[in-house]
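Encoded as structure tokens, the structure appears first; notes follow it.
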């Protein structure tokens, strides 16, 4: 007997499957189901299932780079995951959802790490982290170019961060200097493949206290 392709299943059937399987099976098999045409609805169903049963105890959320979030999902997560410590966002978010992230930061008092791939709303996000997230330590920003305003925001409002990952982003030398002078608690800095920076004596001197400094395809440290 020929097996049925999961792509032929109506979305309501898939949602029922997600509701009935155990959480271990759900986590292991959703990535296999996730390639269907209605992937957005499956992601929504998974979030409803997993977070809805978490009793507010979710601490880590890592989205696949190709995940497509809907307007309102981040705000919904913020309401139900007040103990969130790590958030890794998809590669693409709409303009509205980027600012939804910025506003939601205020609810995550325990947030320690954030990975973003957009400059939209990032200055507001950093400002809200500075005001509300006293334990924040790790920031990853994967964008084509780090502009001066964002560099200034990082250097002036996140002076206690331990890890900063800007690899593959173009950044001006002066903006990197601003970050190095402002973030004096840095333990790890990754600026590999960052175009626009000449790693001269001043840069290396400012980075001398950084335990792991990755740049130009090489790194110094442990």
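Residue numbers (the numbering used here): 488 to 709. For each residue, glycine too, the CB sits at the ideal point set by N, CA and C.
Per the C-alpha coordinates, the member of 572, 668, 608 positioned closest to residue 594 is 572. Per DSSP, reduced to three states, the secondary structure at residue 664 is helical. Annotation for residue 701: the continuous beta strand (DSSP E) segment containing it runs 699 to 702. By the Cβ neighbour-count rule, residue 636 is exposed, with fewer than 16 other Cβ atoms within 10 Å of its own. When only Cα atoms are considered, residue 626 and residue 561 end up about 18 angstroms apart. Distance between residue 690 and residue 622, taken at the CA atoms: about 27 angstroms. Residues of the same chain with a CB within less than 7 angstroms of the CB of residue 653, apart from the 5 flanking positions on each side, are 628, 633, 677, 678, 681 in chain order. Buried is the label assigned to residue 608, since at least 16 other Cβ atoms lie within 10 Å of its Cβ. Distance from the CA atom of residue 619 to the CA atom of residue 684, rounded to whole angstroms, is 32 angstroms. Taking the Cα of residue 656 as reference, the smallest distance to any Cα among 605, 612, 551 is reached at 605. For residue 603, no alpha helix (DSSP H) segment is defined; the enclosing uninterrupted segment is the beta strand (DSSP E) at 600 to 603. Minimum Cα-Cα distance from residue 617 among the listed residues 630, 686, 641 corresponds to 641. Between residue 545 and residue 578, the C-beta gap is not smaller than 8 angstroms, which leaves the two residues out of contact. In this structure, residue 602 and residue 576 form a Cβ contact; the two beta carbons are roughly 6 angstroms apart against a cut-off of 8 angstroms. Taking the CA atoms as reference points, residue 674 sits about 11 angstroms from residue 701. For residue 564, the uninterrupted alpha helix (DSSP H) segment begins and ends at 560 to 567. The distance from the Cβ of residue 645 to that of residue 668 is about 13 angstroms, inconsistent with a contact at the 8 angstroms cut-off. It is roughly 44 angstroms from the alpha-carbon of residue 537 to the alpha-carbon of residue 695. For residue 662, the CB contacts under 7 angstroms within the same chain, skipping 5 residues up- and downstream, are 633, 635, 638 in chain order. In this structure, the CA atom of residue 643 is about 13 angstroms from the CA atom of residue 611. Of the other Cβ atoms in all chains shown, 16 or more fall within 10 Å of the Cβ of residue 588; this residue is therefore buried.
Using a 10 angstroms sphere on the CB of residue 703, the tally of other CB atoms stays under 16, which defines it as exposed.
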